[in-house]
Amino acid sequence: MRIIEWKIWLILPAISCAYVLGQDMVNVRGCPSSINVGTDKGKNQASVEWPEPEFIDTEEQRVIPLRSHAPGDTFFVGETTVRYTAYYMGTKASCAFNIVVQDREVPHFVTCPTSVVTTTDPGEAFASGVTWKRPSATDNIRLVEFGSNPPIGSRFLMGVTKVMYWAIDPSGNRGECRFNVIVEDRENPTLHQCPSNMVVNANPKETLRSISWTEPVARDNADVARVTSTHRNGSLFPLGTTHVRYTAEDYSGNTGTCSFFVTLRVRVPDAQIFIRNYTTTSIHIAWPETTDQQASSYLIYVWPSEGREPSASDHLYHGINRAESFASRRLGPLMVGMDYDIKVVVTGAKQVMRTKQRTRPAPPHNVSIIPGTITPVAFTLLWKPGNGSFESHEITVRRLSDRSVVFTKSVEKSVNSLHVTGLEPYTSYKISIRTVSGYSTDVTESEEINIMVKTGEKIVYTLI
């Protein structure tokens, strides 16, 4: 009788998690190591394939084993032990290994909002209670956590805010959905305390006047970037009506406006002739427009004060315009430096207005420095008198560096030169000369004639 001796070997590698039993009578070949796989897409299980081990007897014949699972079987998430067992002549041989199915699939967001655009609350720099269609997520297993930051219905400041949703499954896989909430500022700034329309009276000599007002105050739900205006407060305004417009703009480009009208009108003293301007050959007069409905026209008379008043037929005709507050007329040509009487008769109203005015004297001409008279401290000025009637010439010398007056003198009309002394060496001066007609406070001056001069260098003598 043949004695069969057999042994059982136990092999348990720590890393492979597979073991083989009984190899005396049956040899186990190709027992797989542990298999790690991920779930099939969208499922909570995985179909797993592996090469099957072989069981070979002592005669090199294949022994058919029993098995707990076959290649291609599906395995749920977790760890499953696969066993192969072969029986041969009273002996048993085994192969075992683990199949580990892991959930590596991140949750999937089926829907995720695109950017959400909204506007600020009235008067605020934020939007409150902002909502959107909630995103939805699925997972091949299940979700254990689902949330967002910031949450729906939150308050969002003006500008762009990033919103993130997350979904987490039991394996810790995390899916995310991201979108922007854009809060736009479409609210226009407002201008408060906008000035009312203004009417300012000017005297007939004025063609421009500085006009001031209390400037409007700009407000906005956010910040005002800048406030501009067509005219500055206190700037010069011409006669007539000017449209003034303020514009406030915020950093989003929204604008608000405020506007008013500034009217500068000439107001002439009642029942008086006002001198608007005069030159050497003309006088510009103004007077209030009559409100008498019986009046039909104005008759203007002008004559030298030393002469006789002209006859009734020797007049200038001027029509009535009741839409205006005043009438004006330029009289000329007249004689240089001459006193004139002026009379305006309102026909049909029995009203007469009178005034007097002297035309400007002609300025001197050919003003120059006499050659050879310039020294370190003096020079001699020469000129020719202007045409027409006048009484004197007035000479003023100013230092150019600080514009201070260093010399002034009035000379009779018969004088046509003047020696100026007491100056500083090598210094530049501005010389002004004008013709004066009249005396005391009743004077009329010509335009100024100006020339420049520079004194000579100081001469230093050295004794030898």
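If you count by mature numbering (1 follows the signal peptide of the UniProt record, and there is no 0), then the sequence shown holds residues -22 to -1, 1 to 442, one letter each, in order. Even for Gly, the Cβ is constructed at its ideal location relative to N, Cα and C.
Spatially closest choice to residue i from the options, by CA coordinates
i: residue 497; options: 384, 316 and 303; result: Nothing in the structure corresponds to residue 497, since the chain is present only between -22 and 442.
i: residue 123; options: 46, 100 and 149; result: 149
i: residue 304; options: 332, 249, 295 and 82; result: 249
i: residue 225; options: 203, 125, 334 and 18; result: 203
i: residue 302; options: 294, 344, 359 and 243; result: 243
i: residue 361; options: 270, 426 and 131; result: 426
i: residue 295; options: 307, 230 and 221; result: 307
i: residue 378; options: 365, 402 and 395; result: 402
i: residue 51; options: 24, 37 and 36; result: 24
i: residue 412; options: 343, 48 and 7; result: 343
i: residue 74; options: 258, 57 and 127; result: 57
i: residue 144; options: 90, 173, 134 and 118; result: 90
i: residue 400; options: 182, 385, 389 and 39; result: 385
i: residue 163; options: 183, 232 and 375; result: 232
i: residue 214; options: 184, 173, 357 and 121; result: 184
i: residue 325; options: 199, 272, 191 and 194; result: 272
i: residue 128; options: 146, 107, 181 and 414; result: 107
i: residue 423; options: 431, 177 and 335; result: 335
i: residue 193; options: 182, 348, 210 and 186; result: 210
i: residue 119; options: 86, 97 and 92; result: 86
i: residue 300; options: 285, 327 and 266; result: 266
i: residue 351; options: 383, 327 and 398; result: 398
i: residue 154; options: 138, 173, 121 and 96; result: 121
i: residue 96; options: 132, 38, 69 and 258; result: 132
i: residue 70; options: 375, 126 and 3; result: 3
Cβ-Cβ distance between residue i and residue j below 8 Å
i: residue 353; j: residue 434; result: yes
i: residue 391; j: residue 370; result: yes
i: residue 88; j: residue 116; result: yes
i: residue 55; j: residue 22; result: yes
i: residue 217; j: residue 260; result: no
i: residue 329; j: residue 268; result: yes
i: residue 309; j: residue 280; result: yes
i: residue 104; j: residue 136; result: yes
i: residue 520; j: residue 219; result: No answer is possible for residue 520: the residues shown for the chain start at -22 and end at 442.
i: residue 322; j: residue 276; result: yes
i: residue 94; j: residue 157; result: yes
i: residue 13; j: residue 26; result: yes
i: residue 77; j: residue 109; result: no
i: residue 72; j: residue 60; result: no
i: residue 341; j: residue 366; result: no
i: residue 179; j: residue 245; result: yes
i: residue 446; j: residue 359; result: Not covered by the structure: residue 446. The range shown for the chain is -22 to 442.
i: residue 314; j: residue 339; result: yes
i: residue 188; j: residue 212; result: yes
i: residue 318; j: residue 283; result: yes
i: residue 241; j: residue 223; result: no
i: residue 251; j: residue 331; result: yes
i: residue 36; j: residue 81; result: no
CB-CB length for residue i against residue j, believed under 8 Å
i: residue 62; j: residue 31; result: 6 Å
i: residue 476; j: residue 373; result: Residue 476 lies beyond the range of the chain shown here (-22 to 442); nothing can be said about it.
i: residue 19; j: residue 83; result: 7 Å
i: residue 168; j: residue 197; result: 5 Å
i: residue 514; j: residue 320; result: A query on residue 514 cannot be resolved here, the shown segment of the chain reaching from -22 to 442 and no further.
i: residue 165; j: residue 100; result: 7 Å
i: residue 201; j: residue 228; result: 6 Å
i: residue 160; j: residue 152; result: Incorrect: roughly 26 Å between the Cβ atoms, too far for contact.
i: residue 43; j: residue 28; result: In fact, because the Cβ distance is near 14 Å, the residues do not count as touching under 8 Å.
i: residue 182; j: residue 290; result: Wrong, their Cβ atoms sit about 27 Å apart, outside the cutoff.
Beta-ladder partner(s) of residue i, from DSSP
i: residue 294; result: 278
i: residue 308; result: 262
i: residue 227; result: 204 and 233
i: residue 444; result: What is shown of the chain runs -22 to 442, which leaves residue 444 out entirely.
i: residue 24; result: 53
i: residue 65; result: 70
i: residue 241; result: 177 and 219
i: residue 60; result: 75
i: residue 430; result: 408
i: residue 125; result: 144
i: residue 397; result: 358
i: residue 15; result: 79
i: residue 255; result: 262
i: residue 416; result: 421
i: residue 32; result: 7
i: residue 40; result: 34
i: residue 45; result: 62
Which whole runs of the beta strand (DSSP E) in the stretch 133 to 214 are 3 residues long or more, in chain order? 137 to 146, 152 to 162, 168 to 170, 176 to 180, 186 to 188, 195 to 197 and 202 to 207
Whole alpha helix (DSSP H) elements within the stretch 302 to 387, 4-residue minimum: none
My parser needs the beta strand (DSSP E) runs of 3 or more residues fully inside the stretch 72 to 123; what are they? 86 to 89, 94 to 97 and 114 to 116
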